[in-house]
Structure formats: C-alpha cells, structure tokens
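Colleague: Before we start, here is the structure in question, set down as structure tokens.
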Amino acid sequence: MKTNSANNGSLAVIIVVSALLGAFISWSAPGIDQYIRDRMIRARGPLPPPDDIAIVAIDEQSIARFGRFPWSRALSARAIDATAAGQPKAIALDVLYADPTSEPDDSALSRSIHQAGNVVVAAQLIAATPAGGAANWLMPLPAVEHAAATVGHVNVSTGSDGIARQILVNMADDQGHAIGAMAVEAIRVGDGIPEQAITETSREVLLGSHVIPLEGDVSSAVVGIHGGTTQAIPAARMTIDYIGPPGSYKSYSFADVVDGRIPAAQLRNKYVLIGATAASLGDRLASPFIHTASSGPNQHGSLMPGVEILANTINTILRSRYYSETPGWLAFLCGALVAALTLFALSAAQGRFEGIKQIGALAAVIAMVLLAGYFWFTRLLVFPPLTLSLVSFASAGLLGELRRSFVASAQLDSAIEDIRRAESSLSATNMGSAAQSIAQLANADGVAIYTSQLGGRMRLVTEHGIRILQKGPAGFLLPAQSAEKDLLAIPIERPNATVTLVIAHPAGRPPWLEVQRLCAAIAVSAAETWADKEKLSRWWWPRGLTWKAQSLHYLNSRILDRAKFVDLALRSVEDVLLIAGVDGRITFANPRAVAVLDSPELALRGRDLLEVLAEAEQRSPGSPRESLVRLVVDRAKVEREVTIPGMHPRHFMLRMAAVRSGEDGPGSVLGIVASLSDITRQHELQQTKNDVMALVSHEMRTPLTAIQGMSELLAQFDLDPERAHVMSAAIHDEAKRLTRMISQYLDITRLESGATVLRRSAVRIEAMVERTLLMLDPLAAARGIRLIRNLGFATSPVLADADLLSSAVSNLVSNAIKYSPRDSEAVVSAKNTGNGVSIEIADQGYGIPEDSLKHIFEKFYRVPRVEDVDVPGTGLGLALVREIAELHGGSVAVRSSVGSGSVFTLWVPCSEGQA
Ligand code: ADP
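Going by our numbering, the sequence shown wraps up at 919, each residue one higher than the last.
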C-alpha cells in the first residue's frame, strides 16, 4: 500500500514537473511556438481565394510595358480611373506618394483619387535610423491625402524570424499622431462606416459588423505627445491568417488595367488593392508559407509582396479568421494530460519486445498530440499548446523511464538480497569443512585448496592443518620446521579455472590414488562454491542495472541448479515418492512411483494422492477427505503396511506426513509427502520362516512320528517277518515322502531366492515332453490312466532350462495321473501361442472346486478331498511349477470343473524379453 502511494506520488510529481517544464520552455522560447504554428498553417494548405478581393499588381509585365519605376503619377491616375470605373467597394493604394513630382502629374493623381472617392492611401511609420530612434510618419502628399477617403498605415510587424504575422491596428508616431491600419481603413471605407463609429475596447475593435479581437499585451501602449498632451495609444495587434503562398489572390496586371483590357465588371463591389508585386520593386516580406516550394505559375519567389499581405489582412477581418490562443490554464492541463498519457503508454507497453512496444507507444502518443493539435488549429482556429505538450511529452518520457529504471533497480536489489539469503541458507557447504574432510580422508597434516582463473593469480580457497606456503605460480613450500613431510600438489583443470589441491603428508606415504581422486572432487566442489560466493560478495558495491540483472540471473540459475539437483535426488530415491499439495493433489511422482503405480507421471500429476494409494491397494478409498484433514489439520503422521496386489503382490511401508514451512514448530502446511518403502523382501523372509515352521511342525511331524513309532516297534519287538516287512515298507514310504518334501521345498526356496541360475538352452518342447512322459508311463499304467500325446505339430524351440521345464511338466502330468479315477484319459498337447509355446495337460479327473482354485499354487496347499486319501502328496508341486514358469518369464493357469476334469496350461516364451 505504502509503495503504491509512493509510486502514485512520484508519477504525479513527474506529470506536474513535465507540464511546468513545457510551460516554461514555451514561454521562454516563443519562436518554437511560432515555428510550429507556421508549420501547421502550411500543413493546412492554401484556402480557396475569396472573390471580393482583387489585386491590381504592378508586376514584371507592367514594368516591361511602362519602363522602369518610378512611373509618372499620371499612369497611377489612369489606373485609379480604370479601377474606379468598375465601382469597387474600396481602393487601397499600397504605394507611397510622399515626395512631390511634377505638378501636373501630382494633381492628376489627386484628381483621380478624389473622383474615385473611396481610395485609401498609404502612410508608413519610419524610424530615423535603421537601429530605431525617433519614428515619424512618411505621409502622402497633402493634396493626395486630402483627395483620399482616408489614410491607412502599411506597417507590418515581423517576428524575430522576419516573418510577418501581425499588424498593429493603430500606430502612432512620436508626436502621438495615430493612423489606423490600411486593411481596417479599407473595410471601413468599403462599408461606409464613419471614422467615429469605430469602437475600441481593450479586447477588440468593432468595425461595423466586423469584430477584430485584439492580441498581445494591450496595456503596452505607444505613448505619444500630441499638441503638448501625452496620449497613450494601445499597441493592439491582430494576427493575419494567410490563405496561401504568394499568388493566392485574384490578381490583374496594372498594365492590363491601364490599357483597359480588364472588363470593369470584374472589379465591381470588390476591395481592389493596388500595389507592387514585381520582385524588382522590393516591398516583400516573408510569410508563414515561405517554405512552400513555389510551383504555381503566379508565384514570385517565396517572399510575399506587401499588397498580398494587405489582401490577407483584409480577408482575415472579412472572414473573421482569428486564431485564438489556448488559455494558460488549459495549456497547462493539456501538458499534464500529455505527460500522464505518456507515462501510461510507457507502463502499458511492457513485456516481450519491450523496446519496440515502447517506441510504438511513444509514437502513438506523439501522433495523438499532433493530430489533436492539428484538429484544434484547423477546425477551432485555436493555436494548440504544442510546444508545451511536446516538451511535457519528452520530459514525461524521460522522467518516466528514469523512474522505471530506479524502481527496477530497487526491486532488483531486494530480489538479489532475497535470493542471496535463500541461497546461503540452502547451501550447506562449509569451506573449512572441505579442507578438514580432505585432511581426514588423506590422513594429511596440512591441506590447502587454491584456485586460479585462466591466467590469473592463485588464490587460497581454504586450508587446514600445517600452513602450506605458496611460492611462484605453482610452487608450494612447507615451513622449515615441518621436516619429514612431503607435499603433493594435484592440479585439476576445470572449464574456467584451475583448482590445485595441496596435501602435506608424512614423507614417503602419499595417499592412495582413489583417495586422491575423492579429495580432488571435494576440492573442486569447495572451490566452485567459493568462486560463486566471491562473485557476489561485493553485491552492495554500486553497480548498474545490467550488473544487477546479471547477478539476479546468476543467482537464479544457481537456485535452479539446486532445484534440479534436489529434483534429481528425489527422482533417484529407491522408494516410491509422491508429493502433493495441501489439497492432496499430486505434484511430483518419482520414477519408482511411476513403476510401482504403473501410471505415467503426467497422469499421476493432479490426481488425489489418497485416491491413488487406495486404488493401488485395490481397496475402496474410504473417506479421503477425512484422511486429508488428519494429515493437514491434525498433522498426524501415517505409517502402515500396504500391499499392492498383482501377479507378484508387493509389500510396502507407507509413510505420509505434512510438509511444514518451519523446520519444526507449527509453520503452515505446504503439502504432503508420501513414501513407500519396499518391504516385499522382508515379507518373503517372514513367509519363508512361516513356511519352514509349517513344514517342520505339520508336514514333517506326521511322517517322522510314523517312522519313529514303527522303527521303535521293529527295534523293540521281534515281529513276524510279514509284519516287519510291511512296517519297513511303510517306513521306507514315509522316508521317501519326507525326502521328496524336503527336496521339493528346497527347490522352491532356491528358485524363489534366486540362488538357482537358469541354464538356458534351446529346447524343443515336443521332445522334452515326450521324454518326460516316457518316465511317467509306468505310473500311468499302474493307475490305469491312458496318457495321450497330442504333439504332432512342430512348435518353436524355446530358450529354457530343460531340466526345470521337464520337472514342471512332470509335476503337472503326475497330478493328472494322481487325481483321476481309473480308466480315464490325460491328454498332453503343445502348440505355439503368442510369442511362446503352451503345453496343455487336460485330464478327466476329479476337478478342483471353485474356492480351492485360487489357493492351488500356494505352498503346502492340498484340496481337501476324500478321493485323495491314498494319494501321497506335499502340496508343493504346483508351487514349484509356478515358480519355474515365472522364472522363465512364462505362466501357469488352470481351468477346472468338479467331476469333469482339469486343464493346466504352462506357457513359456520363446526367449525372454519377448514375453
Ligand atoms: P500334491 O500333488 O503333492 O499334493 P500339488 O501342489 O501338486 O501337490 O497339488 C496341490 C493340490 O491340488 C493337490 O493336492 C490336489 O488336490 C490338487 N490338484 C493338483 N492337480 C490336480 C488335478 N489335475 N486334478 C485335480 N486336483 C488336482
């Protein structure tokens, strides 16, 4: 909040300062404003010429016709006569007749002027010297003055750049003799307004229906002394609006008028201005159109003849084309607005491609200002405060960027500081401990780690134990008193530095090579951490934005490296590791989790952790919300065994706990971390123990008891030979059963533990099965079972351990024989399926009840069945078959229905890897 208001404050200051600067510059350098106005007038372009103003031009053509100037005044008289014949509104004679010439000429002129009756003659205020001094009127000859309707002054005020922009409505000489401007007088005469009817206020001059607004500081008056009294005439100015470059007005050649080539009607009801336009006659001034390249045929260079300036002045009054100034307060407001707009544009145009965006935004603001100014100027006839606005724009742009860079700099500083703190709290490497560890590992008395940048001098990173002195670029020395020690220097080249590890060890007993390598790795890690710290150690030193950005970048990359390291470390954890947010959604799953949960990491991400775990255990998720509450709110830890079912059920220890922001103590909960440690092995060991217990306590006890009982009887009593024979046969059977049980059990255990190595070779299944069946034929015959071979089809050879495979088949076939009634069949067939071969043993035996099927492959399991009463068994055969099948990457399956028989299918892949 505070920074926000400080921000806004600084923006407001920039806006005000920019507007003030604009106001100051436009006030102190009015020329800029003038220049801009001229440009805008030129940009506006010429306007169509009015049809009530005509110029009779003393042009080059007239000079060619009547010879060099001055001409006889009789010529002027003829021109006036010809003009007057057209009955113009008024004739403004923009020629000075101050000096007398020949009497007949002068009086001819006076006569013509008098006859016309509406002629305004020119007077000019002239300073005594070019540098100024007393000003006096250059008045027309008294005869001419009297004949004329009135006298008007033809003085034009030029700016410091020589451009004629204004006229003084009234001018007075030092004696206070005031004369009105010729344009004003011509209109007055043309409209037949008496001199007294002109009213003048400090703001405007009322001339009949025309209002001339006055400009400038009216209080600055021209003071004159008239007839002994001091008189102040206001220096009221009006601005001329030029309709175009020279030649814009309808103009007739003086020669044509004198020669009567212009129809009188052309001049009717017009203000006719007679004056010089020929370049050789001078009387030219610069107009705002001075820069316009002359292209029309009627253009005489770029300076404008006085008579055209007069025409423009008259037109300005007639059309009321007065430009007004923007009021000061409004101008200031505009400046402030432009500054605000500039700041806004700069702050909006950030992000990618910032340079281009910023330039574009600034260009847009400039275009807006110029367009608004142009509209303002051409439509509303108001001079826009462009200088002020442009200066304000530039200033706001500069100050805004400056401010932005300050703000960015300050933000970078604080960001650097934050990351530095975080980084140093994370980095645990202690320089001193590195040297100490090396000393311990290498059994050294002194250790020093040096580093040198490419070509740079060696610098000590850390040391421990005896002081090792550095001499020269790569030489090291021990202090004199440490005799019986040797020095070992190990230089390690790194991409941008050389790290040198120096070890002082007991003479003649350097550390082993392996230890040296380990020490070198520790030294490099320490040196690199040291170098990183070095780079940033003087972070407070005044540095530029670029440096700050670079350090930030560097710090950032270090943090990223660390994050990557931690990520990799988590990924390489052997346990299943799942990290979830406070909402229980998984955000991280390591490769082991992916493997155990059998779901890609991306699919796991975003899923509910508790749901995923429940799903893996194949149990209903219960109430995951409740568990989440217990974890996150109560911060209870979960620790329990879970079993992930499958072909090989796996057992894990699940540990779940909340991750808290503080190391200990309350701290807010950031997420949940769950780990699953595989305890299948322990489980198996436990299972084996249980099996052994079962084997010894149940399975072995019965035969052993029988053997013991019968052998006791045999030993103690002298039994008749027949009974003794039966008994010893029974003892033999029990012993055989025991032996088989033990050897089968050991076989399984060896297979399970991985102690048995498969001796794979290419096995032709038909041949192998045939051999096995040959051995079982006697048993089958004894029990009245027909063994039918269905092995005619050539199956692919498989890579397998022939002995194990044969023992599996033998188990299955002997089961088919054992668990079938007399006079039934057992069909053994083999065929290619998938990428392997399946061997099928189908019998017409008792079959296996539904609920026994799932236990059939478990160790020691036997179907509880009266028919099996005479069948000796261990319940280990099928467990062994399954173990053999799985070791080969294959499987064993059973289909069975009670009373009609069972089908066991053993499948082995052709070669492992294709399974
Ligand atoms: P054993 O045959 O030594 O008892 P096994 O593991 O080979 O041990 O068999 C386990 C049990 O499965 C047997 O006790 C038997 O009840 C049942 N069984 C096995 N094969 C068949 C079969 N082909 N038909 C019916 N029952 C069978």
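Where is the CB? At the ideal position from N, CA and C, for every residue including glycine.
From this set, Glu890, Leu891, His892 and Phe908, which residue's C-alpha is nearest Val898's C-alpha?
Modeller: Of the residues Glu890, Leu891, His892 and Phe908, the one whose Cα lies closest to the Cα of Val898 is Phe908.
Colleague: Apply the 10 Å Cβ neighbour rule to Trp31 and answer buried if 16 or more other Cβ atoms are within range, or exposed otherwise.
Modeller: exposed
Colleague: Buried or exposed, going by whether 16 or more other CB atoms sit within 10 Å of the CB of Thr706?
Modeller: exposed
Colleague: What is the DSSP secondary structure of Asn302, reduced to helix, strand or coil?
Modeller: Since pLDDT at Asn302 reaches only 45, below the 50 mark, its modelled position is unreliable, and the value read off the structure follows with that caveat. Three-state result, Asn302: coil.
Colleague: What are the boundary residues of the beta strand (DSSP E) that Val646 is part of?
Modeller: Val642 to Ile648
Colleague: Pairing CB atoms from the segment 47-65 with CB atoms from the segment 440-452, are three or more of them under 8 Å?
Modeller: no
Colleague: Should Val453 and Ala525 be called a contact, given that it needs their Cβ atoms to be closer than 8 Å?
Modeller: Residue identity check: residue 453 is Ile in the sequence provided, not Val. Their beta carbons are not under 8 Å apart, which means Ile453 does not touch Ala525 by this criterion.
Colleague: Where does the unbroken alpha helix (DSSP H) through Val158 begin, and where does it stop?
Modeller: Element bounds for Val158: n/a, residue is neither H nor E.
Colleague: Would you give the residue range spanned by the alpha helix (DSSP H) that Val696 belongs to?
Modeller: Thr684 to Ala698
Colleague: Nearest by alpha-carbon distance to Arg115: which of Leu79, Phe336, Ala567 and Glu199 is it?
Modeller: Out of Leu79, Phe336, Ala567 and Glu199, Leu79 has the C-alpha closest to the C-alpha of Arg115.
Colleague: Going by the DSSP bridge assignment, what does Ser255 pair with across the sheet?
Modeller: Ile59
Colleague: Does the segment 590-600 come within contact of the segment 574-582, defined as at least 3 CB pairs closer than 8 Å?
Modeller: yes
Colleague: Helix, strand or coil for Gln622 per DSSP?
Modeller: coil
Colleague: Can you give me the Cβ contacts of Ser915 inside the same chain, cut-off strictly under 8 Å, excluding the 5 residues immediately before and after it?
Modeller: Within the same chain, Ser915 has close Cβ partners Val802 and Leu803.
Colleague: What residue from His468, Pro825, Ser828 and Val841 has the CA that sits closest to Val813's CA?
Modeller: The candidate whose alpha carbon is nearest that of Val813 is Val841.
Colleague: Output the distance between the C-alpha atoms of Ser811 and Tyr749, rounded to the nearest integer angstrom.
Modeller: 14 Å
Colleague: Can you give me the start and stop residues for the alpha helix (DSSP H) that Met44 sits inside?
Modeller: Pro34 to Arg48
Colleague: For Pro628, does the three-state DSSP call read helix, strand or coil?
Modeller: helix
Colleague: Scan the segment 435-503 and note each continuous alpha helix (DSSP H) run of 4 residues or more that stays entirely inside, going in chain order.
Modeller: 435-446
Colleague: Which one or two residues does DSSP pair with Met242 in a beta bridge?
Modeller: Note: Met242 sits in a beta bridge opposite Ile171.
Colleague: Buried or exposed, going by whether 16 or more other CB atoms sit within 10 Å of the CB of Gly377?
Modeller: buried
Colleague: Specify whether the segment 67-87 and the segment 410-420 touch according to this definition: at least 3 beta carbon pairs, one from each stretch, less than 8 Å apart.
Modeller: no
Colleague: What span of residues does the beta strand (DSSP E) with Leu129 cover, start to end?
Modeller: Val123 to Thr133
Colleague: Could you tell me how far apart the beta carbons of Gly658 and Arg644 are, in whole angstroms, since I believe they sit closer than 8 Å?
Modeller: Note on residue identity: the sequence assigns Leu, not Gly, to residue 658. Yes, they are in contact, since the Cβ atoms of Leu658 and Arg644 sit about 6 Å apart, within 8 Å.
Colleague: For ligand 1, I want to know if Thr878 counts as a neighbour, meaning its beta carbon is within less than 7 Å of at least one of the ligand's heavy atoms.
Modeller: yes
Colleague: Please state the DSSP three-state secondary structure of Glu219.
Modeller: strand
Colleague: Does the beta-carbon of Lys274 have 16 or more other beta-carbons within 10 angstroms, so that it is buried, or is it exposed?
Modeller: buried
Colleague: Comparing the CB of Ser906 with every heavy atom of ligand 1, is any distance shorter than 7 Å?
Modeller: yes
Colleague: For Lys568, decide whether its Cβ has a neighbour in chain D, counting only Cβ atoms nearer than 8 Å.
Modeller: Absent from the structure is chain D; it holds one protein chain and no more.
Colleague: Report the option in Ile202, Cys338 and Ile360 whose CA atom is closest to the CA atom of Ala27.
Modeller: Cys338
Colleague: What are the partner residues of Asn140, as DSSP defines its beta bridges?
Modeller: Ile130
Colleague: If you compare alpha carbons, which of Gly121, Met175, Leu884 and Thr133 is closest to Thr154?
Modeller: Looking at Gly121, Met175, Leu884 and Thr133, the one whose alpha-carbon comes closest to that of Thr154 is Gly121.
Colleague: Take the Cβ of Arg265 as the centre, count every other Cβ of all protein chains shown within 10 Å, and call the residue buried at 16 or more, exposed below.
Modeller: Exposed, since its Cβ has fewer than 16 Cβ neighbours within 10 Å.
Colleague: List, from N- to C-terminal side, the alpha helix (DSSP H) runs of 4 residues or more that fit wholly inside the segment 729-759.
Modeller: none
Colleague: Does ligand 1 have a heavy atom nearer than 7 Å to the CB of Tyr749?
Modeller: no
Colleague: Determine the direct distance from the alpha carbon of Leu816 to that of Ser824, and round the result to whole angstroms.
Modeller: Using only the alpha carbons, I get a separation of about 12 Å.
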